[in-house]
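Here's the structure we're looking at; comments come further down.
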């Protein structure tokens with residue numbers, strides 16, 4: 016039993032030619048049913064949901080909100096000596112897989128009264144994520160300083176806000192931070208991951 020109702024017609028109300036015409040109509044054009052599947056049987060189920068929303072549009076919104084192509088995390092690192100080693104897994108409890116980008120967001124350092132900047136090198140980063148200084152070294156960032164010996168200077172790297180230098184996905188855990196001068200401060204870094212859920 017298929018739960019469909021065919022409208023009742025009598026032979027006397029319809030001629031034979033009319034019956035022949037109606038039989039050539041669409042198979043379900045005269046069906047009355049409460050079964051929603053009957054009403055939607057003429058629509059492609061491959062490209063649309065039952066509410067007629069396009070599946071590609073749905074996937075686009077879903078991926079944008081819940082499974083984006085990339086994911087970003089921000090870490091803050093205290094740099095209290097010229098050389099500092101940190102573990103992303105142990106010290107920050109974040110993933111070490113599929114990293115595709117590093118960007119400095121903010122730095123806070125105490126000046127030495129003489130130098131206008133210090134260079135920060137992270138030796139494990141790919142060359143594409145670094146700048147070159149005048150000595151040919153790959154530096155992660157050039158951090159500006161003030162002449163004050165007592166006030167910490169906060170610098171936000173606004174010029175980098177619209178720049179993303181992505182590299183091929185790598186697995187990084189241990190990072191070695193090397194400063195060109197032995198000064199105290201801290202930095203905030205944005206780490207970009209390629210989403211594994213895609």
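Numbering (this note's numbering), first residue to last: 16 to 213. Note that CB positions come from ideal geometry on N, CA and C, so glycine has one too.
Inspect the beta-carbon positions of residue 142 and residue 190 and report whether they are closer than 7 Å. no
Review point. So, helix, strand or coil for residue 207, using DSSP?
Key: strand
Rounded to the nearest angstrom, what separates residue 77 and residue 182 at their Cα positions?
26 Å
With DSSP run on the structure shown, which of helix, strand or coil describes residue 147?
strand
Are the CB atoms of residue 192 and residue 137 within a distance shorter than 7 Å? yes
Note to self: Taking a contact to mean a Cβ-Cβ separation below 7 Å, would you say residue 107 touches residue 90 in this structure?
What the structure shows: yes
Does the Cβ of residue 178 have 16 or more other Cβ atoms within 10 Å, making it buried, or fewer, making it exposed? exposed
| Per DSSP, which one or two residues make a beta bridge with residue 170? | 122
### Message
On the DSSP letters alone, give me the boundaries of the alpha helix (DSSP H) that residue 80 sits inside.
### Response
70-80
Among 205, 80, 65, which has the Cα closest to the Cα of residue 144?
205
Just the Cα atoms here: how many angstroms apart are residue 187 and residue 166?
-> 34 Å
- Do residue 84 and residue 210 have their CB atoms nearer than 7 Å? yes
- Message: Could you tell me the alpha carbon to alpha carbon distance between residue 86 and residue 198, rounded to whole angstroms?
- Response: 32 Å
* CB of residue 158 within 7 Å of CB of residue 122, strictly -> yes
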